[in-house]
């Protein structure tokens, strides 16, 4: 999703941050709320005008990220 958006919104000139969670929001230990709050903080305070992915306290370039693990909070990687 983030990769496709990065090409579709290439000249937008605004930050777009994709985020999510490994554990549903209603469950204990959900990472959804902190991922969303941190993504909003990054969008508001840093001029990164491209599509990015924020997950587990890490910001990745949208077109350089792949899902590495289905379980655990370290689900994404940027091999490039």
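Residue numbers (UniProt numbering): 1 to 80.
Glycine included, C-beta positions come from ideal geometry on N, C-alpha and C.
Taking Cβ to Cβ, would you say residue 81 is nearer than 8 angstroms to residue 54?
Past the boundaries of the shown model lies residue 81; the chain is included only from 1 to 80, so the question cannot be answered.
For the beta strand (DSSP E) that contains residue 53, what are its first and last residues?
51-55
According to DSSP, simplified to helix, strand and coil, what is residue 29?
coil
With respect to the alpha helix (DSSP H) encompassing residue 9, which residues constitute its N-terminal and C-terminal limits?
Counting along the chain, residue 9 falls outside any alpha helix (DSSP H), and DSSP gives it neither H nor E.
Pull up the distance between the alpha-carbon of residue 64 and that of residue 32, whole angstroms please.
22 angstroms
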